[in-house]
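See below for the structure under consideration.
Protein chains in written order, with the numbering used here: chain Y, 1 to 628; chain V, 629 to 1236.
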């Protein structure tokens, strides 16, 4: 099919008309056929009036036999069938064209959006992108389905019927269209003006919705302050304004339609009069006059809608422009890269003086250098904004760094195709994101191969989420976001961990992924991940000393630089952020111990038990002693 | 995306007639407008048909009679009617347009006012999106049905009626034949439109699915890319666009078939006119102008019939809309003042929960036989696992819900003996997700007390510790906060909502997770304001942060709707019960989460 091979980028054009024309590539013949059909339908319709003329002049007035009358009657039916058939075919093909064009555009946009870089998505607002991909696309659909066809119809109606009038009588034909330029001008002017009034009306609608929405979402605040009357007043203000703008729209209509009614009707009457006088003079026959009466209606009345059509068409142009702003952005090339890996990734990483800045901003990473051996677990600590996540995002090449280089298994990272890297690097992101499909589909979301139910369950078990899932009535088939089913942040996180376990990446990144999971669960998950593949390289961003202290290497980041590096044993005795955090957490722990001890003094008097007899309280303190 | 699907939900109604009558009643309130457009539109129909008759006169009495004087007389008459017709058109557009806007305005107002009076439980079970569509799109649909829909219908019916009368007047035998065709036309047209409507509903449904897919692909784009799932996503999406293509195409070509079908049926009418009229002409019972008029009447009849079918189709939707609107308007608030309740001067005093229970479904109790006395001015912290019933208790205190059994007594009386407004205007609430309204900072603060002066507002902001950041805003107190306060950070919103509560000077204060979504640094800032706010007021605090809980006079542990422990921090630690467990667990979690913010706030001075 041609639609598969057509490159949508060709539709990007500075000239909107040209772009809209190119967007029709592959369907132009069909569209042309639709327009021809509409033209033929118009001809058939004009034919009806000529048949009427023939009927009156050559059958009735010629006093012919009744047989001929029956033939004429059949002729009317035949012409109606022709007209109907062509109208239908034209409509059907126009629909096929517009639906096809729009389907191709939708598919392309969907794919395009998911292939745009992180940099683009960071800047673009979701709502804006969504609106352009849906309602602007629908505006384009109407542009092709209704407006261009409508424009064609009006033009053809004018052309065909005016030709017919010319055939009747040249002078009469020209006398019948005197007001048309005036009506066109008025209608263009009116609908342009109308458009701005309508816009104002729509804006007020948005204001009203906003007031309403805020009232509904803030219902507790409204009730807590007992502000119902105040809210009603506020809404009343917006409501009455919408009413006023609606009335203004009404007034405009009430002025436009009667005014053009008078113009068009008087023009018709003028034509009728001239025609009647010509008939009396014998310039045209009575049958011709009857045909004229029918044809002239077909020319004059459709013109009134031309202004509306053009105003609506301009919205199509705006929509095209807005869509093109997305299409113009270059996609992130997934397969670009010279390196064709022959053996699986081992997972040895080396950063050499890497400096990175987001587009048009100050660098967030400065001269980062470190090396990770295959199979190691390394941890990154640092406050918000220290650059941890930015650092991780460089590995799957979500962003391009500016200076230095990163080596993966000894080869520059930039030589690896992005798609390849992403298949072998797994990230469990800070904010767990689940899709509104079943939990099973969410777990299998990242793998291409077929996955058995057993595998899914095993992954869920390892991620410590199996029991939670089984507690839902529909188990693994529960839809995420379904009413009555709520997954907590920690549970969502565990589902994403299960997803990652199934994917089995050679390099795994945990971006603060366990902060919403309690310590015990975290330990279970950590064990599962480690056991699955001991040769896997794991990078962890974490805040708890507990989470990082078993790592092979720990890096402390501050303002985009590595300020400390080493193992837990080394860092804990070194002056610096790591030890401060350690002390702080120890201090909190001490405070807790003291608090518990106070309580124990009282309780101990009663039952004589030592505070350290509490397993819960002593666990961490013993761990601390042995490590210090 | 659930809101999108709500829109598609169709009411299956058994009371269409009743609802329709009630819908029309919305218009009869403004009866002069309704009568106005009925008269105007009927007159328009008459004049339309009369024009056709005048055309016949032009042919028969002007041209065929070779009578120029008569011709001119008819032409002048025609011209006069053109002017009259324009006036009539102006009249009906004015009346119907105004009526439509008025009805919409009325419905919106009534729904909004009703919404203000409904109890919180209604909002718990009704999604915001559902209510939004009632007030916006449904009211519009009903407004349009009552005005334009009714107008179109009247026009269509009178048009067909008047045309029949004129036809009967010109030639009754032929007219009778034509009349036989009309019902066929109407039935075919209406059935056809119904069928098309079904298809369009399908299109709408698929369309919202596509929107949902787009939305998810954009919001989840980082995951999609990280998992390298682009191709599979596109494949799945293409299934949806294919379904959309099929449904859209079908709906469109069915619509394209509508007019031709109606036209072809009416062509049989034209054929009849030619046959019978032609025959009658030869035997001298019909004029050429008459035949022309008949053909005009029949071909023009297409439009009223199409109009009828359209109104009929949109009427089904509008009646469903009306039904939903009426269901909202008819909703009775669950919590209303009983007769003769007192307006309290103040809500100070002890708060007593007397064997109080609450549930939504009787077999799933949420609060079980709660007994508790909170002294005036006391600060009580409610702790317990998620879903234990803490928020329900404070909502009961605020009388957003009422006890199902037992009672809550405030200042010596069952609080149902006070007016709802009296109680709620004496309660201050600071919620987990602070809700601000669009408008300026000043507007939002003033929400606490509408008659507060600017000075009082600034003073309250100072006490809450909000003045500092407000003064750093570009336009200070006149800064727009954006939709839902979106231009401010959560911490800033929280400070404003505390200042707002300070301004309200409530007797009872409820803090529902008020500081859970702010960082430690901001919390330290807020704490001052909170302490000022709580001083001397009976306060209920739901909190996770231990620092907040520890500061309370008393701690109540709620588990599965029951009070399991009740005492001071020291007492409960000593008791080594639920609070003790919660406390030790909580402490470790806070320790872990705390680091990040400590690094920027408290840790830096330590390094120096």
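C-beta atoms are modelled at their ideal positions from N, C-alpha and C, and glycine is treated no differently.
Treat the numbers as computed from the prediction; the structure is a model and nothing was measured.
Alpha carbons only, please: which of the options is nearest the one belonging to residue i?
i	options	result
residue 937 of chain V	V/852, V/823, V/1134, V/1057	V/823
residue 809 of chain V	V/895, V/677, V/956	V/895
residue 10 of chain Y	Y/597, Y/324, Y/414	Y/324
residue 1046 of chain V	V/1027, V/807, V/1007	V/1027
residue 46 of chain Y	Y/455, Y/226, Y/158	Y/158
residue 547 of chain Y	Y/524, Y/268, Y/184, Y/236	Y/524
residue 418 of chain Y	Y/230, Y/333, Y/495, Y/392	Y/333
residue 1162 of chain V	V/674, V/1009, V/934, V/662	V/1009
residue 1116 of chain V	V/1094, V/1132, V/1133	V/1094
residue 422 of chain Y	Y/395, Y/412, Y/511	Y/395
residue 761 of chain V	V/918, V/740, V/1210	V/740
residue 349 of chain Y	Y/487, Y/506, Y/218	Y/506
residue 677 of chain V	V/953, V/752, V/932	V/932
residue 888 of chain V	V/899, V/861, V/934	V/934
residue 1050 of chain V	V/972, V/855, V/1170	V/972
residue 260 of chain Y	Y/279, Y/302, Y/271	Y/302
residue 1084 of chain V	V/830, V/1130, V/1118, V/1044	V/1130
With 8 Å set as the bound, which would you pick, yes or no: does the beta-carbon of residue i sit closer than that to a beta-carbon of chain Y?
i	result
residue 731 of chain V	no
residue 1090 of chain V	no
residue 634 of chain V	Caution is warranted here: a pLDDT of 41 is assigned to residue 634 of chain V, below 50, making its placement in the model unreliable, and no coordinate value can be reported.
residue 845 of chain V	yes
residue 665 of chain V	no
residue 1075 of chain V	yes
residue 1043 of chain V	no
residue 726 of chain V	yes
residue 1206 of chain V	no
residue 822 of chain V	no
residue 861 of chain V	yes
residue 787 of chain V	no
residue 866 of chain V	yes
Listing by chain order, which chain V residues have their CB less than 7 Å from the CB of residue i?
i	result
residue 239 of chain Y	733, 736, 737
residue 231 of chain Y	744
residue 257 of chain Y	717, 721
residue 144 of chain Y	Per Cβ cutoff of 7 Å: no residues; residue 144 of chain Y is ~11 Å from chain V at best.
Determine, using beta carbons only, whether residue i comes closer than 8 Å to chain V.
i	result
residue 223 of chain Y	yes
residue 466 of chain Y	no
residue 62 of chain Y	no
residue 84 of chain Y	yes
What does residue i touch in chain Y if you count any residue whose Cβ is under 8 Å from its own?
i	result
residue 1132 of chain V	225
residue 1135 of chain V	Correct list: empty, because the minimum Cβ distance to chain Y is about 13 Å.
residue 856 of chain V	334, 419, 422, 423, 446
Under 7 Å between beta-carbons, which chain Y residues line up against residue i? List them in chain order, please.
i	result
residue 881 of chain V	91, 92, 95
Kindly list, in the order they appear in chain V, the residues whose Cβ is closer than 8 Å to that of residue i.
i	result
residue 52 of chain Y	920, 923
Decide yes or no for the touch test of the region 667 to 677 of chain V against the region 772 to 789 of chain V: beta carbon pairs closer than 8 Å, at least 3 of them. yes
Any contact of the region 311 to 321 of chain Y with the region 939 to 954 of chain V, i.e. 3+ C-beta pairs under 8 Å? no
Which complete beta strand (DSSP E) runs does the region 409 to 471 of chain Y hold, if anything under 3 residues is left out? 425 to 428
Does the region 723 to 732 of chain V touch the region 242 to 262 of chain Y, meaning 3 or more C-beta pairs lie closer than 8 Å? yes
Secondary structure, alpha helix (DSSP H): runs of 4+ residues fully inside the region 555 to 587 of chain Y: 568 to 572
Please give me, in chain order, every unbroken run of the beta strand (DSSP E) with length at least 3 that falls completely inside the region 762 to 841 of chain V. none
Do the region 997 to 1008 of chain V and the region 959 to 970 of chain V make contact, defined as three or more Cβ pairs closer than 8 Å? no
Could you tell me whether the region 400 to 412 of chain Y touches the region 342 to 361 of chain Y, where touching means 3 or more Cβ pairs closer than 8 Å? yes
Runs of alpha helix (DSSP H) wholly within the region 1088 to 1166 of chain V (minimum 4 residues, chain order): 1095 to 1100, 1118 to 1132, 1148 to 1162
Taking 8 Å as the cut-off, does the region 908 to 919 of chain V touch the region 121 to 138 of chain Y (at least 3 CB pairs, one atom from each stretch)? no
Count the C-beta pairs between the region 152 to 170 of chain Y and the region 203 to 212 of chain Y that are closer than 8 Å, then say yes if the count reaches three, no if not. no
With a cut-off of 8 Å, do at least 3 Cβ pairs link the region 256 to 276 of chain Y to the region 179 to 191 of chain Y? yes
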